Amino acid sequence: MSKVRAAITAVAGYVPDYVLSNAELERMVDTTDEWITTRTGIKERRLLKGDLLGSSDLGKEAVNALLEKRGISAEEIDLIICATATPDMLFPSTGNLIAHKVGAKNAFAFDIMAACSGFIYSVTTASKYIESGQYKKIIVVGADKMSSIVDYEDRSTCVIFGDGSGAILLEPAEDDLGIQDTIMRSDGSGWTHLHQKAGGSLRPSSHETVDQKMHYIYQEGRSVFKFAVTKMADVSAEIMERNNLTGDDIAYLVPHQANKRIIDATAQRMGVGPEKVMLNIHKYGNTTNGTIPLCLWEWENKLNKGDNIILAAFGGGFTWGSIYLKWAY
Ligand code: ACO
């Protein structure tokens, strides 16, 4: 009997309406459209405005759109895994809240936190539940309200991030399509370069931590860049090599959208031309766990059954990895 594989059978995405342009950022901090564009490739990003709206509200929209598209009810879902770096609250999990909001009464749900690699970590985890044969319909939803942890007075981080979400449905594959291979890596020594200083058990929130802005993203951009550019390219080359793939065999690279320069370096290392790289960083910035499913959502109509696709990400932790899949519809 051949191995059960997990395949993506539907994709949906959601971005909030508010557009934060480079021009508006020029009025907020000491920056220029030219700097942001050449250093990152970003032109605008979306922000979730309004009181008491969190990542679960972004995720809920993507999941509802996904269910409608696939024509199934929320009650048919076995499991929801939410990849997020900005949970609504430390507990309960944002996946739990999304399951409640969409009416997935028969699903269990949990979060995976792996910064910007959370989505591919979650897809890898979900694929194992499908491969076990026990679960048939799993939603992986990446949802991040990055604006909730961005300091809009810090020009080195506020230009990068945006809010958004994307969701995929995983089901048992037919014809040996779906997820073929995954490589996931982490190195906790990298935490010093990219983290949120306060709000966890190590340094609970206090007047002092808020005064010192320790609840915002802390990033040493240049150090993170060096790791990201090497690791994302290395792991993508590794997964191609061990599956005997060349650049010609690849239909699309779906890279995490952190910085266009990191994406270009990864594509170059893989021998994949720019026409095969999904890129929407100019519109949405870095939506953390939203980037990869938002790309799949946007490119869905161009994908063909059997296409070889590589997903790749790098994020805080450090965490990174790559997934090789054959598109199933
Ligand atoms: N506008 C103008 N100047 C700026 C801005 C800005 N928005 N931000 C920083 N600068 C200045 C700096 O102050 C510095 O000035 P100095 O030379 O006088 O000190 C200069 O520009 C260069 O700064 P760098 O930080 O070296 O700029 P760099 O080219 O590295 O770009 C960036 C910064 C975009 C953050 C880049 O380092 C990067 O993309 N890093 C990786 C990000 C990433 O992949 N993160 C992981 C995923 S995110 C996650 O997991 C949550």
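Per this note's numbering, residue -14 is the first one in the sequence shown, and the count goes up by one each step.
In this text, a Cβ means the ideal position worked out from N, Cα and C, and glycines have one as well.
Just so it is clear, the structure is predicted and the values come from calculations on it, not from any experiment.
Between F212 and D219, the alpha-carbon positions lie close to 10 Å from each other. Check the Cα spacing between E46 and each of C143, V125, M199, S150: the tightest is with S150. Apart from the 5 residues on each side of it in sequence, D136 sits with its Cβ closer than 7 Å to the Cβ of T142, C143, K198, Y201 in its chain, given in chain order. Using a cutoff of 7 Å, the CB of T16 counts as near the ligand ACO, since one of the ligand's heavy atoms is closer than that. Rounded to whole angstroms, the Cβ separation of K216 and E116 is 26 Å, and the two are not in contact under 8 Å.
Distance from G103 to T79 at the Cβ level is roughly 11 Å; contact not present, criterion being Cβ atoms closer than 8 Å. Cβ-Cβ distances below 7 Å link E29 to V4, L5, S6, N7, K268 in the same chain, with the five nearest sequence neighbours on each side left out; the list follows chain order. Around the beta-carbon of F210, 16 or more other beta-carbon atoms lie within 10 Å, marking it buried. Taking C-alpha positions only, E260 is separated from V239 by approximately 12 Å.
The three-state secondary structure of P189, taken from DSSP, is coil. Taking all protein chains in view, the Cβ of P278 is crowded by 16 or more other Cβ atoms within 10 Å, so the residue is classified as buried. Counting every other CB atom within 10 Å of its CB across the protein chains shown gives R(-10) a total of 16 or more, marking it as buried.
Boundaries of the alpha helix (DSSP H) around L281: 276 to 284.
Secondary structure of L230 (DSSP, three-state): coil. Here I105 has L296, A298, G306, I308 as same chain residues with Cβ atoms under 6 Å from its own Cβ, once five neighbours each way along the sequence are excluded. Taking C-beta separations shorter than 7 Å and ignoring five residues to either side along the sequence, the partners of Y314 in its chain run T(-6), K290, following chain order. Listed as beta-bridge partners of R31 by DSSP are V4. Taking a cut-off of 8 Å for Cβ pairs, the region 83 to 98 and the region 48 to 61 touch, as three or more such pairs fall below it. With respect to L179, Q204 sits close: the two C-beta atoms are nearer than 8 Å. Judged by their CB atoms, A100 and G301 are nearer to each other than the 8 Å cut-off. Checking the DSSP bridge columns, you'll see G206 has no partner listed. Just measuring C-alpha positions, the residue of G118, A111, K245 sitting nearest M263 is K245. For G44, the enclosing alpha helix (DSSP H) begins and ends at 40 to 55.
DSSP, reduced to helix, strand and coil, places L154 within a strand of the structure shown.
One Cα belongs to E53, the other to D2, and the distance between them is close to 21 Å.
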